[in-house]
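Structure, as structure tokens:
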Amino acid sequence: MAEWIDAKPKNKAAAWLEERLPIIGLVNNVVGVDTPTPRNLNYWWNFGSLAGLMLVVQLISGIVLAMHYTPNTLMAFDSVERIMRDVNYGWLIRYMHANGASFFFIAVYIHILRGLYYGSYKAPREVLWMLGLVIFLLMMATAFMGYVLPWGQMSFWGATVITNLFSAVPVVGDSIVTLLWGGFSVDNPTLNRFFSLHYLLPFVITGVVILHIWAKKVSDSGNPLGIDVKSSADQIPFHPFYTVKDAFGAAVFFAVFAAFIFYMPNALGHPDNYIPADPFVTPDSIVPEWYFLPFYAILRSITFDIGIPFTDVVIIPAKLLGVIAMFAAIIVLFFLPWLDTSKVRSGKFRPTFRIFFWFLVIDMVVLTIVGGKKPEGIWPVVGLIGTAYYFAHFLVVLPLLAKFEKTLPLPESIAQAVVKTDK
Amino acid sequence: MKLAKNIAIALTAVAGLAGAAMGAGAAKYPMQMEWSFEGPTGTFDRASAQRGWQVYKQVCSSCHSLKYFNFRNLADLGYEDEMIKAWAAEYTVVDGVDDAGDPKERPGLPQDVFPSPFPNPEAAAASNGGAVPPDLSLMTKARHDGANYVFSLMTGYEEAPADHPMPAGKSYNPYFKGGNISMAPPLAEGIIEYEDGTAATTEQMAKDVVNFLMYVAEPKLEARHHMGLNVMLYLIVLVFVLYFSMKKIWKPVKEGKNFYKK
Chain A
1 MAEWIDAKPK
11 NKAAAWLEER
21 LPIIGLVNNV
31 VGVDTPTPRN
41 LNYWWNFGSL
51 AGLMLVVQLI
61 SGIVLAMHYT
71 PNTLMAFDSV
81 ERIMRDVNYG
91 WLIRYMHANG
101 ASFFFIAVYI
111 HILRGLYYGS
121 YKAPREVLWM
131 LGLVIFLLMM
141 ATAFMGYVLP
151 WGQMSFWGAT
161 VITNLFSAVP
171 VVGDSIVTLL
181 WGGFSVDNPT
191 LNRFFSLHYL
201 LPFVITGVVI
211 LHIWAKKVSD
221 SGNPLGIDVK
231 SSADQIPFHP
241 FYTVKDAFGA
251 AVFFAVFAAF
261 IFYMPNALGH
271 PDNYIPADPF
281 VTPDSIVPEW
291 YFLPFYAILR
301 SITFDIGIPF
311 TDVVIIPAKL
321 LGVIAMFAAI
331 IVLFFLPWLD
341 TSKVRSGKFR
351 PTFRIFFWFL
361 VIDMVVLTIV
371 GGKKPEGIWP
381 VVGLIGTAYY
391 FAHFLVVLPL
401 LAKFEKTLPL
411 PESIAQAVVK
421 TDK
Chain B
1001 MKLAKNIAIA
1011 LTAVAGLAGA
1021 AMGAGAAKYP
1031 MQMEWSFEGP
1041 TGTFDRASAQ
1051 RGWQVYKQVC
1061 SSCHSLKYFN
1071 FRNLADLGYE
1081 DEMIKAWAAE
1091 YTVVDGVDDA
1101 GDPKERPGLP
1111 QDVFPSPFPN
1121 PEAAAASNGG
1131 AVPPDLSLMT
1141 KARHDGANYV
1151 FSLMTGYEEA
1161 PADHPMPAGK
1171 SYNPYFKGGN
1181 ISMAPPLAEG
1191 IIEYEDGTAA
1201 TTEQMAKDVV
1211 NFLMYVAEPK
1221 LEARHHMGLN
1231 VMLYLIVLVF
1241 VLYFSMKKIW
1251 KPVKEGKNFY
1261 KK
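Residue numbers (the working numbering), protein chains in the order written: chain A, 1 to 423; chain B, 1001 to 1262.
Spelled out as structure tokens, the structure:
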């Protein structure tokens, strides 16, 4: 467990404040520059701070966009075009925000995969992991509602498809959908509430991010070796070592981000969203943003009802089953700390686990591809196999590996492992 | 640097997937042309865009609106204010109501949007066999490979294959999804006379109108490319500065120093 370091400010005014509200010590302890940090964090550990930076980019650009945007079905599309054409640097702010969503998800996906590989979800970091998943869920809701705001064709039809999913819920489904819509179809009330929630949720995310960082402080940063810090020799101060490493990583990440903003700002979007929403014309294919594709594939992979064999009695219709599968794909991650009971955290010392980790990554890529295809030909079958494998990884492979895998010997300490091998 | 490369590869893969995810319809893949606005340093070919404006004004505008385009934007294409004022004044626009409550008309001004050819979508459909001619302001961004698509559509009309049934009032164009397009071939050699004396072939007019429409769809493209160059140069220098700072700062860590030993 992390120790609470004495961080009383030396400055008189700061000390005066500290006696009355110990906020400087609190902040300094949780995110402070002096925080002792494992000395062996690799570049995969950059993506947490990168995700935080992207949240800030999205908040700032979003607040400015909201000053010029009009949440009304008759004016939303026009107001976005006005931002692109007549607002000073409006094009820059909007392209930052639109591509920023993608880059936020890139950072978060890599951050999650890093956690999966290095066993960052294991004791004592279960709550840290689950708070991260809550952030992920909130991000998905926020991104979905944000994509609806420009009121283009994909906005409208994406909103129609996704909100309709809730009608699969037994008994209260239709009421939920009516509540989401604020009426009987996706219309002005829907746009208004989505705008309100799209503005609200990022601040909820910010709150959960604070809890996430707090939980990280309490349980300490993990590290690529997955062993606990044993002595001060295993640690280095956060500043200047990880500040400069994070800054370097951020510069590289932002260079790629900038390349998208300035040279291919629409590459990650869909051209149909430059057509104003038309409730009477359905687009050729309704595709969500790339970061939702694996979950969209899981949703669509279930095309069969579950019922009593040899009768027509349907217990769970296919649509509901698909919705359950899609939500379960994320819910299952909440149980990961208890599904993978291997005492060894890091994939570095788990040779078989490592292979299956990469199978999971490949499976996610396959599901991403399937999610973008029309459900024809072999794609539904591939989607079903991919979905089955996804759940098998967490529900079968990980528990079995924990029992039978022969892990490699762990080093005695971080310092012993790193200081020697690095020379 | 390995990390940067990995990220770049991952992003390219993601972009590729997104692209693959969008492949839609049975329409013929657009012809691949070279455009001056493409690439990181791309700019608009103003002479061509000016000719394209002439094509739009004399041909397209009889059916297609351009509702995000103001006359004042023509200054970006290199036209003088006097000329823009004169063009705007050719049109009559409705601006508010008079004291009796009747719509008040006045000659167009540079700040006005280009007037739509039809008062409402119903009127547009009625005049065009039931199909509403789409607004062209965003056309080159609202289709896959938009610039090439518009060029291909303009020049791609042909005789329908023998086994392809043609509904009345439609034309065959393989680049249009389904092949049956409501728009009759809009361009034909010599239908307009270019002010700069360029020969008005169908290809030339199609190319010019794409250059014009690309400007209308993405008027800040040049500013974006220009700023992008500065931002990229800045970030690349920053990456190097931070990389070497990091190497220097981390030296004692790599040497195994314990920073907490009293």
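We put the CB at the ideal spot given by N, CA and C, even for glycine.
Below-9 Å beta-carbon distance, residue i vs any chain A residue
i, result
"Pro-1115/B", "no"
"Gly-1025/B", "Per-residue confidence for Gly-1025/B stands at a pLDDT of 43, beneath the threshold of 50, marking its modelled position as unreliable; no derived number is given."
"Met-1232/B", "yes"
"Ala-1142/B", "yes"
"Ser-1137/B", "yes"
"Val-1150/B", "no"
"Leu-1213/B", "no"
"Pro-1119/B", "no"
"Arg-1106/B", "no"
"Ala-1223/B", "yes"
"Phe-1037/B", "no"
"Ser-997/B", "Because residue 997/B is not part of the residues shown, which for chain B are 1001 to 1262, the question remains open."
"Asn-996/B", "The shown model of chain B, from 1001 to 1262, leaves out residue 996/B, and the question about it has no answer."
"Lys-1207/B", "no"
"Ala-1020/B", "Residue confidence is low: Ala-1020/B scores 43 on pLDDT, short of 50, so the model does not pin down where it sits. Its coordinate-derived value is still stated next. Chain A contact via Cβ: present."
"Gln-1093/B", "Sequence inspection shows Val at residue 1093/B; the Gln mentioned does not correspond to that position. Chain A contact via Cβ: absent."
DSSP state of residue i mapped onto helix, strand, coil
i, result
"Asn-99/A", "helix"
"Pro-1103/B", "strand"
"Val-314/A", "strand"
"Ala-307/A", "Position check: residue 307/A holds Gly in this sequence, whereas Ala was assumed. Gly-307/A falls in the strand class under three-state DSSP."
"Asn-1148/B", "helix"
"Phe-1259/B", "coil"
"Ser-196/A", "helix"
"Pro-1119/B", "coil"
"Trp-4/A", "coil"
"Gly-158/A", "helix"
"Pro-9/A", "coil"
"Lys-1247/B", "helix"
"His-1226/B", "helix"
"Asn-223/A", "coil"
Cβ pair residue i, residue j closer than 9 Å
i, j, result
"Asp-1135/B", "Tyr-1068/B", "yes"
"Glu-405/A", "Phe-334/A", "no"
"Pro-1133/B", "Pro-1117/B", "yes"
"Pro-202/A", "Leu-59/A", "yes"
"Val-30/A", "Ile-213/A", "yes"
"Asn-99/A", "Phe-257/A", "yes"
"Ser-413/A", "Gly-119/A", "no"
"Asp-340/A", "Tyr-121/A", "yes"
"Pro-283/A", "Met-154/A", "yes"
"Met-326/A", "Phe-295/A", "yes"
"Leu-26/A", "Leu-131/A", "no"
Per DSSP, cross-strand counterpart(s) of residue i
i, result
"Ser-1171/B", "Ile-1181/B"
"Gly-152/A", "Pro-276/A"
"Phe-1114/B", "Leu-1066/B"
"Val-1093/B", "Arg-1106/B"
"Gln-235/A", "Pro-38/A"
"Gly-386/A", "In the DSSP output, where bridge partners are listed per residue, Gly-386/A has none listed."
"Gly-1130/B", "None, per the DSSP bridge assignment."
"Trp-183/A", "The question names Trp, but residue 183/A is Gly in the sequence shown. DSSP lists no partner for Gly-183/A."
Residue-level contact to chain B via CB, residue i, 9 Å cutoff
i, result
"Lys-245/A", "yes"
"Phe-254/A", "yes"
"Phe-248/A", "yes"
"Leu-299/A", "no"
"Ala-251/A", "yes"
"Glu-81/A", "yes"
"Val-229/A", "no"
"Gln-58/A", "no"
Any non-hydrogen atom of the ligand ZN within 8 Å of residue i CB
i, result
"Ala-14/A", "By its list of ligands, the structure shown contains no ligand whatsoever, and the ligand ZN lies outside what it can speak to."
Worksheet item: Residue ranges of each alpha helix (DSSP H) run of no fewer than 4 residues wholly in the stretch 322-368 of chain A, ordered along the chain?
Response: Uninterrupted alpha helix (DSSP H) stretches at least 4 residues long and entirely within the stretch 322-368 of chain A occur at 336-339, given in chain order.
Worksheet item: Mind pulling the beta strand (DSSP E) runs of 3 or more residues that sit fully within the stretch 30-67 of chain A?
Response: Qualifying beta strand (DSSP E) stretches, in chain order: 36-38.
Item to complete: With 9 Å as the C-beta to C-beta threshold (strictly closer), list the residues of the stretch 259-275 of chain A near chain D in chain order.
Response: The structure shown contains no chain D; its protein chains are A and B.
Item to complete: Taking only runs that begin and end inside the stretch 240-301 of chain A, name each unbroken alpha helix (DSSP H) of 4 or more residues, in chain order.
Response: Correct list: 293-301.
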